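One structure is given here, and the rest of the page talks about it.
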Amino acid sequence: MLYTHKTFEYESGLKEADVALLGVPFSSTETGRSVKHGPLFIREAIRDIAGFDPKTGKNPFEGTKFCDLGNVSVVPGNWKLTEEAIRETLRDVFQENPEVFPVILGGEHLITLAAANAVAEQHGSLTIIDFDAHRDLMDDWMGEKHSHITWARRALENSKIRLVQIGCRSWNKDEWEPFKDRVKEAIEGVTGPAYITVDLDVLDPSVAPEVGTPEPEGMGQRELMGLLEKACRLDVKGMDIVECSSDSVGTQTALAAAHIFKKVMIWK
17 MLYTHKTFEY ESGLKEADVA LLGVPFSSTE TGRSVKHGPL FIREAIRDIA GFDPKTGKNP
77 FEGTKFCDLG NVSVVPGNWK LTEEAIRETL RDVFQENPEV FPVILGGEHL ITLAAANAVA
137 EQHGSLTIID FDAHRDLMDD WMGEKHSHIT WARRALENSK IRLVQIGCRS WNKDEWEPFK
197 DRVKEAIEGV TGPAYITVDL DVLDPSVAPE VGTPEPEGMG QRELMGLLEK ACRLDVKGMD
257 IVECSSDSVG TQTALAAAHI FKKVMIWK
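Residue numbers 17 to 284, in this note's numbering, belong to the letters of the sequence shown in order.
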C-alpha cells in the first residue's frame, strides 16, 4: 500500500463507518500527466485542512465515522484486472456495511466506470453526476475501448446508469451528437440514487493546474461548490475525485480536492 499514515485523527472500523475512503492509483491510459499519485497527495491535503467550516458552522470530521481502507492493488497497464479489483473490493465493502458511503480517490477517470457500476450493483438504477471539462463519450481511443476518454460511453452501456454532465467545454462533435438527447446537462429533475464524480479538470487551470488534461476557461472553486451543494441534495450513494496529477505535498489541485471532499461530507 502506498499510503500508510492515518488520514483522519479518529478512524472507525468498516462495519461502523459512515464513510469509507478508498484510493485507486491507476494511470495507464492517460494521454497527459500521470495521476497515479493523486490518492496520496489528496489524503495529505485532507489531513492538513481545517475541519471547521465557517459558512455552515460544521466540522464533518467530528461526528462522522470514517474508515480509510488504503489503496486498491491496481495492475499497471491492465484495466481488466484493475476493474475486477475495484469492483470486488467495493462488493466486499458493501457486504460488510451495505449503507456505507464510498469515496474513491483517483487515479484516472476510467476508474469511475468500475466504481459507479459497483455502486449501481448495490443500490440499483443510478444517475452519475459528472463534473468534467470533457465529455469522455468517445467509442474508442486509438483502438482502445477502455480509457479515460471513453469511460462515460462505456458507463451508458449499463442499462441501470443515466448520466448528467456539468462543466464540459471540450469535445468532438461526433462523440456528442449520438448522446445529446440522452445526456442531461442540469441536476434539476434527477430522481433516485446518484453518484458524483469530480474530474478536477472541471476547474480552471488557474485554480487546479495539476490535472491530467487541463482545459482553459473552467469553473472557479466557488461556482463548483455551489453546484456540488445542489447535487448533494440528491440521494447520493457515493463519489469519486479523479485526475489529480500532483507530485508533491500542498499543491493547489490536491488542496482543491480536499476542500471538495470536506464540503461533500458536510452536505451529503
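Beta carbons: idealized from backbone N, C-alpha and C, even for Gly. Since this is a predicted model, take the numbers as computed values, not measurements.
Going by DSSP, which residues form a beta bridge with residue i?
i    : result
V227 : C260
A36  : C83 and P118
L219 : M235
M290 : The chain is shown only over 17 to 284; residue 290 falls outside these bounds and no answer can be derived.
S186 : H150
D64  : Paired residues: none, contrary to the question.
E78  : Answer is none; E78 lacks a bridge partner.
W157 : E160
Is residue i a contact residue of the ligand FMN, with contact defined as CB to any heavy atom under 7 Å?
i   : result
C83 : For the ligand FMN, the structure offers nothing, since it holds no ligand at all.
If I measure Cβ to Cβ from residue i and keep anything under 7 Å in the same chain, skipping five residues before and after, which residues do I get?
i    : result
S28  : K81, F82 and C83
A136 : L142, N174, K176 and I177
A61  : A270, L271, A273 and A274
T20  : Per-residue confidence for T20 stands at a pLDDT of 46, beneath the threshold of 50, marking its modelled position as unreliable; the derived number appears in the next sentence. Nothing listed; no residue qualifies.
R49  : G228 and S261
E191 : R151, L153 and M154
M17  : Residue confidence for M17 is low, a pLDDT of 38 falling below 50, so the modelled location carries little weight; the figure read from the coordinates is stated next. Same-chain partners within the cutoff: G86 and N87.
H139 : P209 and K253
For residue i, I'd like the list of residues in its chain whose CB is within less than 6 Å of its CB, leaving aside the five on either flank, ordered along the chain.
i    : result
D152 : I165, W167 and A168
K52  : P41 and S43
W283 : E245 and C248
V258 : G122, G123, H125 and D215
R170 : L129
Please report the residue range of the alpha helix (DSSP H) in which residue i lies.
i    : result
I182 : It is not in any alpha helix (DSSP H) - I182 instead sits in the beta strand (DSSP E) that spans I177 to I182.
T128 : I127 to H139
L106 : W95 to E112
L172 : From DSSP, L172 is part of no alpha helix (DSSP H); its letter is neither H nor E.
L271 : Q268 to W283
Among the options, which has the Cα closest to the Cα of residue i?
i    : options                   : result
F147 : A36, D34, C248 and N113   : C248
I145 : R103, H139 and A132       : A132
M241 : S262, L219 and C260       : L219
M235 : E204, M158 and H150       : H150
E112 : G159, E100, V35 and W95   : V35
G86  : Q268, L243 and F24        : F24
R63  : G73, F77 and A33          : F77
G54  : A224, E104, Q237 and L243 : A224
So the beta strand (DSSP E) residue i belongs to, where does it begin and stop?
i    : result
D146 : L142 to F147
Beta-carbon within less than 8 Å of residue i's beta-carbon, same chain only, minus the 5 sequence neighbours each way: which residues are those?
i    : result
V109 : L30, A36, L38, L85, V116 and P118
Sufficient close CB pairs (3 or more, under 8 Å) joining the region 77-94 to the region 31-49: yes
Segment contact, 8 Å Cβ cut-off, at least three pairs: the region 191-208 with the region 225-237: no
The region 182-192 / the region 117-129 touching (three or more Cβ pairs under 8 Å): no
Given 8 Å, three or more beta-carbon pairs between the region 253-272 and the region 210-222: yes
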